[in-house]
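Novice: Quick one: structure below, then a few questions.
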Amino acid sequence: MNLKNDFLSGSWKGELVVENPGQDLIKTSVDFYMKIKFNWSSKLCSGIYMANPDDSGILDHSKVYGEIAEDDQIKFLLKYPKFYWQPMQGEEVLSIEDRVHPNISLQGSVQQKNRLFGKWSMPEDYIELNGDVIKTGDLNGIWWAERV
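For the sequence shown, the positions run 191 to 338 when our numbering is used.
In structure tokens:
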């Protein structure tokens, strides 16, 4: 697909679908908004990513960094300023100020000029909470976004 120089620049609205392999049949979707500034000469981009707080329980935005490869494959990396963790489905999301959240990787492709689609993943991590060490587990799923 022949993309315009400013293709990724602008506002995007989408959905992140969480598939938790540890809990069969539980799928959670999170709406998000992303604003990106793309540099065509370097094929790199940066911006902000905000998950819907009603869906995610996260009130902060993350930084988003990314690139477009020669084959129009897109890679984004979401970087939150602190660690967020939801102990159980439906429980309140906890934030830990002195920890950095694991990077969330989004990979995908351009499906149409105004639509992106792909898979995402977040590696497992270990945190200490109230004196106990907890393994968070890895998460993954699919995502899509459309230009707004």
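Ideal Cβ positions, reconstructed from N, Cα and C, are used throughout, including at glycine.
Helix, strand or coil for D221, going by three-state DSSP, please let me know.
Specialist: For the purposes of this step, residue 221 is identified with residue 31 of the sequence shown, where counting begins at 1. Note: D221 maps to strand in three-state DSSP.
Novice: Extract the residue ranges of the beta strand (DSSP E) inside the region 246-292, only unbroken runs of 3 or more that lie entirely within it.
Specialist: If we require 3 residues or more, the beta strand (DSSP E) runs fully inside the region 246-292 come out as 252-258, 263-269, 273-275, 284-286.
Novice: Please work out which residues of its chain come closer than 6 Å, Cβ to Cβ, to G247, disregarding the five sequence neighbours upstream and downstream, and give them in chain order.
Specialist: Translated into positions along the sequence shown, residue 247 becomes position 57. Closer than 6 Å at the Cβ level, and outside the excluded window around G247, lie V283.
Novice: I226 to P271, Cα distance in whole Å?
Specialist: Residue numbering aside, residue 226 sits at position 36 when the sequence shown is read from its first letter. Residue numbering aside, residue 271 sits at position 81 when the sequence shown is read from its first letter. Going by the C-alpha atoms only, they are around 18 Å apart.
Novice: Inspect the beta-carbon positions of V299 and I264 and report whether they are closer than 8 Å.
Specialist: Here the question's residue 299 lines up with position 109 in the sequence shown. Here the question's residue 264 lines up with position 74 in the sequence shown. The residue you asked about is not Val; residue 299 is Ser in the sequence shown. For S299 and I264, yes; Cβs fall inside 8 Å.
Novice: To the nearest angstrom, how far is the alpha carbon of M240 from that of N320?
Specialist: Taking the first residue of the sequence shown as 1, we reach residue 240 at position 50. Taking the first residue of the sequence shown as 1, we reach residue 320 at position 130. Taking the straight line joining both Cα atoms gives about 28 Å.
Novice: Am I right that W333 and E205 are in contact with their C-beta atoms under 8 Å? What's the rounded C-beta distance?
Specialist: Against the sequence shown, residue 333 aligns to sequence position 143. Against the sequence shown, residue 205 aligns to sequence position 15. With a Cβ gap of about 7 Å, W333 and E205 count as contacting.
Novice: Beta carbon of V254, beta carbon of G331: below 8 Å?
Specialist: Residue mapping note: residue 254 aligns to position 64 of the sequence shown, counting from 1. Residue mapping note: residue 331 aligns to position 141 of the sequence shown, counting from 1. No, Cβ-Cβ distance for V254 and G331 is not below 8 Å.
Novice: So what's D214 in DSSP terms, helix, strand or just coil?
Specialist: Within the sequence shown, the letter at position 24 stands for residue 214. Annotation note: pLDDT 47 at D214 (below 50); position unreliable, coordinate value reported separately. DSSP places D214 in coil when its eight states are reduced to three.
Novice: Could you tell me the alpha carbon to alpha carbon distance between V338 and Q276, rounded to whole angstroms?
Specialist: Locating residue 338 in the sequence shown gives position 148, counting from the first residue. Locating residue 276 in the sequence shown gives position 86, counting from the first residue. Taking the straight line joining both Cα atoms gives about 30 Å.
Novice: For E318, write down the residues that DSSP places opposite it in a beta bridge.
Specialist: In the sequence shown, counting from the first residue as 1, residue 318 sits at position 128. Answer by DSSP bridge pairing, in chain order: V323.
Novice: Is the beta carbon of N242 closer than 8 Å to that of L268?
Specialist: Within the sequence shown, residue 268 is the residue found at index 78, counting from 1. Within the sequence shown, residue 242 is the residue found at index 52, counting from 1. Result no, Cβ atoms of L268 and N242 do not sit closer than 8 Å.
Novice: Give me the residue from T326, M278, E336, E281 with the minimum Cα distance to F302.
Specialist: As a working mapping, residue 302 is identified with position 112 in the sequence shown. For clarity, residue 302 is Gln in the given sequence; the question names Phe instead. When each option's Cα is compared against that of Q302, the closest is E336.
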